[in-house]
Amino acid sequence: AQKVTQAQTEISVVEKEDVTLDCVYETRDTTYYLFWYKQPPSGELVFLIRRNSFDEQNEISGRYSWNFQKSTSSFNFTITASQVVDSAVYFCALSGSNTGKLIFGQGTTLQVKP
Amino acid sequence: NAGVTQTPKFRILKIGQSMTLQCTQDMNHNYMYWYRQDPGMGLKLIYYSVGAGITDKGEVPNGYNVSRSTTEDFPLRLELAAPSQTSVYFCASSLGDRGNSEQFFGPGTRLTVL
Chain A
1 AQKVTQAQTE
11 ISVVEKEDVT
21 LDCVYETRDT
31 TYYLFWYKQP
41 PSGELVFLIR
51 RNSFDEQNEI
61 SGRYSWNFQK
71 STSSFNFTIT
81 ASQVVDSAVY
91 FCALSGSNTG
101 KLIFGQGTTL
111 QVKP
Chain B
1 NAGVTQTPKF
11 RILKIGQSMT
21 LQCTQDMNHN
31 YMYWYRQDPG
41 MGLKLIYYSV
51 GAGITDKGEV
61 PNGYNVSRST
71 TEDFPLRLEL
81 AAPSQTSVYF
91 CASSLGDRGN
101 SEQFFGPGTR
111 LTVL
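Protein chains in written order, with the numbering used here: chain A, 1 to 114; chain B, 1 to 114.
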C-alpha cells in the first residue's frame, strides 16, 4: 500500500527564518512520483513541484528547495528566509507510475510571523 | 483558459437531501478526479475518470456517484446527504493518467450537512 506521512502538524517560525517540512513515503512501486502542493488560506491548491523516483537531484527554485532521498524514502521541502506570504498548509503527495491517483499526506500548517 | 471550475462554492444541505457538485475543465484533459478534504486532513480520492463514459472508484466512494458524458464535465452526485459528508470537495484534471502528469485543481466546494 502507498502511504505519505507528514509528521509535523504545525510549524511556527519568525519571518526570515529557514524552515524544513518533512515528508516520508511508502510504496512498493519502483517508478513513482512525488509532489508538493501549497494550500494558502484562500483554499486553492497550488502545485509546487513534481519529482520522479529516478531523479534524486535536489532542486532549487528561488527560496524553495527540495531534498529527495530514496534511501530514507523522504522528500523534504525547505523554505529559505521565510516570508509571511509563505503561511499556508503544505501537502506532500505520491502517485504510482501507472495511475495518476494522488495519495496525500495530512499536511503541515506553516505559520510565518512578522 | 478558465482551467478547472467548480460550482457551487458553498452549500448547506439537510440530512437526506441530494445535490450535484459540478466540475468543468477546458483543457481537453482526459483524466478527471474528485477528492474530499476533511478538516485538518489531506485529500482523499472519491472517484476518477479516464475519459468520457469511463469512471472508477477511489479510496472513499461510498455515498457518492459520478458520471462522465463529456470530456469537459465530471459531476459528483450525493444522493442522501449525511453529516459525515461535510467536507471540502476538490475536482482535478490531468492530461495523462501517469504519475508524471500534473493535476490541476479547481477552487473547491465547501459542503456542510446539518
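Virtual Cβ for every residue (Gly too), placed ideally from N, Cα, C.
Values in this document were obtained by computation on a predicted structure and should not be read as measured data.
Item to complete: Consult DSSP for D26/B and reduce its assignment to one of helix, strand or coil.
Response: Translated into positions along the second sequence, residue 26/B becomes position 26. D26/B: coil per DSSP, three-state reduction.
Worksheet item: Excluding sequence positions up to five away, which residues of its chain have a Cβ less than 6 Å from the Cβ of I12/B?
Response: Numbered from 1 along the second sequence, position 12 holds the residue referred to as residue 12/B. Within the same chain, T112 come within 6 Å of I12/B by CB-CB distance, once the 5 residues on both sides are set aside.
Worksheet item: What are the residues that DSSP puts in a beta bridge with S61/A?
Response: Position 61 of the first sequence, counted from the first residue, corresponds to residue 61/A. Bridge partners of S61/A: Y64/A.
Worksheet item: Would you report the Cα separation of V66/B and V14/A, rounded to the nearest angstrom?
Response: The sequence position of residue 66/B within the second sequence is 66, counting from 1. The sequence position of residue 14/A within the first sequence is 14, counting from 1. Distance between the alpha carbons of V66/B and V14/A: 45 Å.
Worksheet item: For chain A, is any of its Cβ atoms less than 8 Å away from the one on Q25/B?
Response: Along the second sequence, one-based indexing puts residue 25/B at 25. Output row for Q25/B: interface = no.
Worksheet item: So which of F74/B, L43/B, K57/B has the shortest CA-CA distance to T7/B?
Response: In the second sequence, counting from the first residue as 1, residue 7/B sits at position 7. Among F74/B, L43/B, K57/B, the Cα nearest to that of T7/B is on F74/B.
Item to complete: Can you pull the chain B residues whose beta carbon is under 9 Å from the beta carbon of L21/A, in chain order?
Response: For this step, residue 21/A is matched to residue 21 along the first sequence. None at all; the shortest Cβ gap to chain B is about 13 Å.
Worksheet item: Can you round the beta-carbon distance between F77/A and W36/A to whole angstroms, since I take them to be within the 8 Å contact cut?
Response: The residue labelled residue 77/A in the question sits at position 77 within the first sequence. The residue labelled residue 36/A in the question sits at position 36 within the first sequence. Right, the Cβ-Cβ distance comes to about 5 Å (below 8 Å), so this counts as a contact.
Practice prompt. Reducing DSSP to helix, strand and coil, say where Q69/A ends up.
Written response: By 1-based counting over the first sequence, the position of residue 69/A is 69. Reduced to three states, the DSSP call for Q69/A is strand.
Worksheet item: Is the CB of G100/A under 8 Å away from at least one CB in chain D?
Response: Any reference to chain D falls outside this structure, whose protein chains are A and B.
Item to complete: Measuring only between beta-carbons, confirm whether E96/B sits less than 8 Å from chain A.
Response: As a first step, residue 96/B must be located in the second sequence, where it is residue number 96. Per the sequence shown, the amino acid found at residue 96/B is Gly instead of Glu. Yes, its Cβ sits closer than 8 Å to a Cβ of chain A.
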